[in-house]
Amino acid sequence: MLAGLLIALAAAPWLETPAYAVRLLLRDPPDVLAVPVAGVSRRALRDSWGAPRSGSRAHQGIDIFAPRGTPVVASTEGIVWSTGESPRGGRVVWLLGPGRQLHYYAHLDRVADLEPGRRIRAGDVVGWVGDTGNARGGAPHLHYGVYERGGARNPYPLLVPPPQPASRDDAAPRPRG
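703 is the number of the first residue of the sequence shown in the numbering used here; add one for each residue after it.
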(Lines of atoms letter the chains of each structure in order from A and count residues from 1; the text may use other names and numbers.)
(Lines give C-alpha, C1' and ligand atoms only; values in the text may rest on other atoms or scores of the structure.)
Protein backbone atom coordinates (compact mmCIF):
# COMPACT_ATOMS: atom_id res chain seq x y z
CA MET A 1 0.00 0.00 0.00
CA LEU A 2 2.78 2.45 0.90
CA ALA A 3 4.59 1.73 -2.35
CA GLY A 4 1.42 2.44 -4.35
CA LEU A 5 0.87 5.73 -2.51
CA LEU A 6 4.47 6.78 -3.08
CA ILE A 7 4.27 5.98 -6.80
CA ALA A 8 0.98 7.87 -7.14
CA LEU A 9 2.39 10.91 -5.34
CA ALA A 10 5.61 10.85 -7.33
CA ALA A 11 3.61 10.83 -10.57
CA ALA A 12 1.08 13.48 -9.49
CA PRO A 13 1.33 16.38 -11.94
CA TRP A 14 0.28 18.92 -9.30
CA LEU A 15 3.23 18.24 -7.00
CA GLU A 16 5.97 20.87 -7.06
CA THR A 17 8.61 18.43 -5.86
CA PRO A 18 7.76 14.70 -6.08
CA ALA A 19 11.10 13.68 -4.53
CA TYR A 20 10.35 15.86 -1.50
CA ALA A 21 6.92 14.22 -1.17
CA VAL A 22 8.48 10.77 -1.07
CA ARG A 23 11.03 11.83 1.58
CA LEU A 24 8.26 13.49 3.61
CA LEU A 25 6.10 10.38 3.63
CA LEU A 26 8.98 8.11 4.63
CA ARG A 27 9.87 10.20 7.69
CA ASP A 28 8.40 9.60 11.13
CA PRO A 29 5.57 11.89 12.24
CA PRO A 30 6.76 14.72 14.49
CA ASP A 31 6.71 14.32 18.27
CA VAL A 32 6.18 18.05 18.80
CA LEU A 33 4.25 20.52 16.64
CA ALA A 34 4.34 24.30 16.51
CA VAL A 35 1.23 26.12 17.77
CA PRO A 36 -0.69 26.88 14.56
CA VAL A 37 -2.02 30.32 15.56
CA ALA A 38 0.40 33.25 15.54
CA GLY A 39 0.93 34.81 18.94
CA VAL A 40 -0.79 32.05 20.93
CA SER A 41 1.43 30.43 23.56
CA ARG A 42 1.40 26.77 24.46
CA ARG A 43 0.19 27.74 27.95
CA ALA A 44 -2.97 29.28 26.44
CA LEU A 45 -4.07 26.02 24.80
CA ARG A 46 -6.85 23.89 26.29
CA ASP A 47 -7.46 20.23 25.50
CA SER A 48 -10.97 20.08 24.00
CA TRP A 49 -10.40 16.65 22.43
CA GLY A 50 -13.36 14.31 22.93
CA ALA A 51 -15.77 17.02 24.12
CA PRO A 52 -19.39 16.20 23.21
CA ARG A 53 -20.74 17.68 19.98
CA SER A 54 -24.17 17.62 18.33
CA GLY A 55 -25.37 14.38 16.80
CA SER A 56 -23.57 12.18 19.37
CA ARG A 57 -20.23 13.21 17.92
CA ALA A 58 -17.03 13.80 19.88
CA HIS A 59 -14.67 16.69 19.16
CA GLN A 60 -11.79 15.36 17.02
CA GLY A 61 -9.32 18.18 17.44
CA ILE A 62 -8.74 21.22 19.59
CA ASP A 63 -10.07 24.75 19.32
CA ILE A 64 -7.57 27.59 19.55
CA PHE A 65 -9.29 30.92 20.21
CA ALA A 66 -7.87 34.15 18.82
CA PRO A 67 -9.18 37.38 17.31
CA ARG A 68 -10.66 37.15 13.82
CA GLY A 69 -7.94 37.66 11.23
CA THR A 70 -5.07 36.31 13.35
CA PRO A 71 -2.67 34.39 11.05
CA VAL A 72 -2.96 30.60 11.09
CA VAL A 73 0.40 28.98 10.38
CA ALA A 74 1.48 25.48 9.40
CA SER A 75 2.35 23.48 12.51
CA THR A 76 4.81 21.37 10.54
CA GLU A 77 6.33 21.20 7.10
CA GLY A 78 4.34 19.47 4.41
CA ILE A 79 2.44 19.68 1.17
CA VAL A 80 -0.92 21.36 0.58
CA TRP A 81 -3.32 18.46 0.10
CA SER A 82 -6.46 20.54 -0.48
CA THR A 83 -8.31 23.74 0.35
CA GLY A 84 -12.02 24.31 0.24
CA GLU A 85 -15.22 24.73 2.16
CA SER A 86 -17.44 22.30 4.07
CA PRO A 87 -20.64 22.66 6.14
CA ARG A 88 -18.92 21.78 9.44
CA GLY A 89 -15.39 23.13 8.92
CA GLY A 90 -16.24 26.17 6.83
CA ARG A 91 -13.13 27.32 4.99
CA VAL A 92 -10.48 24.65 5.47
CA VAL A 93 -6.92 23.68 4.57
CA TRP A 94 -5.56 20.12 4.62
CA LEU A 95 -1.77 19.64 4.73
CA LEU A 96 0.05 16.34 4.25
CA GLY A 97 2.86 16.21 6.79
CA PRO A 98 5.70 13.86 7.69
CA GLY A 99 4.78 10.22 8.19
CA ARG A 100 1.52 10.60 6.21
CA GLN A 101 -0.13 12.73 8.90
CA LEU A 102 -2.90 15.00 7.64
CA HIS A 103 -3.22 18.36 9.39
CA TYR A 104 -6.66 20.01 9.31
CA TYR A 105 -7.16 23.76 9.75
CA ALA A 106 -10.86 24.75 9.92
CA HIS A 107 -13.24 27.69 10.51
CA LEU A 108 -10.84 29.99 8.65
CA ASP A 109 -12.00 33.51 7.81
CA ARG A 110 -9.82 33.35 4.70
CA VAL A 111 -7.49 30.80 3.14
CA ALA A 112 -4.05 31.89 1.96
CA ASP A 113 -3.28 31.67 -1.75
CA LEU A 114 -2.42 27.95 -1.72
CA GLU A 115 -2.55 25.40 -4.51
CA PRO A 116 -2.60 21.63 -3.95
CA GLY A 117 0.92 20.23 -4.22
CA ARG A 118 2.63 23.35 -2.91
CA ARG A 119 5.43 22.75 -0.43
CA ILE A 120 4.87 24.42 2.96
CA ARG A 121 7.33 25.08 5.76
CA ALA A 122 6.39 25.15 9.44
CA GLY A 123 5.31 28.71 10.22
CA ASP A 124 4.05 29.54 6.70
CA VAL A 125 0.65 31.27 6.76
CA VAL A 126 -2.16 28.98 5.57
CA GLY A 127 -5.12 31.19 6.50
CA TRP A 128 -6.64 33.50 9.09
CA VAL A 129 -8.78 32.73 12.17
CA GLY A 130 -12.52 33.00 11.65
CA ASP A 131 -15.89 31.48 12.50
CA THR A 132 -16.98 29.78 9.27
CA GLY A 133 -18.89 26.51 8.98
CA ASN A 134 -20.71 25.32 12.08
CA ALA A 135 -18.82 27.91 14.16
CA ARG A 136 -20.64 30.83 12.44
CA GLY A 137 -21.70 33.43 14.97
CA GLY A 138 -19.49 32.00 17.70
CA ALA A 139 -16.14 33.12 19.01
CA PRO A 140 -13.50 33.14 16.25
CA HIS A 141 -11.13 30.21 16.56
CA LEU A 142 -9.09 27.65 14.68
CA HIS A 143 -10.23 24.06 14.84
CA TYR A 144 -7.01 22.06 14.44
CA GLY A 145 -6.99 18.31 13.84
CA VAL A 146 -4.38 15.66 13.12
CA TYR A 147 -5.25 12.46 11.26
CA GLU A 148 -3.17 9.31 10.88
CA ARG A 149 -3.79 5.88 9.38
CA GLY A 150 -5.79 4.86 12.45
CA GLY A 151 -8.02 7.95 12.33
CA ALA A 152 -8.07 11.17 14.32
CA ARG A 153 -5.34 11.79 16.90
CA ASN A 154 -5.47 14.26 19.78
CA PRO A 155 -3.14 17.11 18.74
CA TYR A 156 -2.97 18.62 22.23
CA PRO A 157 -0.11 16.40 23.52
CA LEU A 158 1.86 17.22 20.35
CA LEU A 159 1.36 20.96 20.85
CA VAL A 160 1.94 20.92 24.62
CA PRO A 161 4.48 18.17 25.26
CA PRO A 162 5.03 17.10 28.88
CA PRO A 163 8.05 18.63 30.59
CA GLN A 164 11.20 16.59 30.17
CA PRO A 165 12.87 15.35 33.35
CA ALA A 166 16.18 16.99 34.15
CA SER A 167 19.16 15.00 32.96
CA ARG A 168 21.86 13.91 35.39
CA ASP A 169 24.14 16.57 33.94
CA ASP A 170 21.57 19.26 34.76
CA ALA A 171 21.19 18.01 38.32
CA ALA A 172 24.92 17.73 39.08
CA PRO A 173 26.45 20.57 41.10
CA ARG A 174 28.45 22.97 39.01
CA PRO A 175 31.96 23.95 40.02
CA ARG A 176 32.19 27.46 41.38
CA GLY A 177 34.35 29.78 39.42
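Idealized CB from N, CA, C, for every residue including glycine.
Computed from a predicted model, the values in this text were never measured in an experiment.
Beta-carbon within less than 6 Å of residue i's beta-carbon, same chain only, minus the 5 sequence neighbours each way: which residues are those?
i    : result
L726 : P800
V827 : P773, V775 and A814
G791 : A808 and G835
Taking residue i and residue j to be in contact with their CB atoms under 8 Å, please state how far apart those CB atoms are, rounded to whole angstroms.
i    : j    : result
R821 : Y722 : 6 Å
N836 : P789 : 7 Å
Y846 : G771 : The pair is not a contact, with the Cβ atoms about 17 Å apart (cut-off 8 Å).
L810 : R793 : 4 Å
From residue i to residue j, what does the alpha carbon distance come to, in whole angstroms?
i    : j    : result
V782 : P865 : 31 Å
V739 : L728 : 27 Å
L860 : L747 : 12 Å
A768 : A854 : 23 Å
V862 : W751 : 13 Å
Y858 : D733 : 11 Å
H843 : G741 : 13 Å
Got a sec? Which residues, its chain only, sit under 8 Å from residue i by beta carbon, not counting five neighbours each side?
i    : result
P731 : G799, P800, G801, R802, Q803 and E850
A753 : A760 and H761
Which same chain residues, not among the five before or five after residue i, have their C-beta less than 7 Å away from its C-beta?
i    : result
A824 : A736, A776, S777, T778 and E779
W830 : G771, T772, P773, V774, L810, D811 and R812
Quick check on residue i: buried or exposed, where buried means 16 or more other Cβ atoms within 10 Å of its Cβ?
i    : result
A841 : exposed
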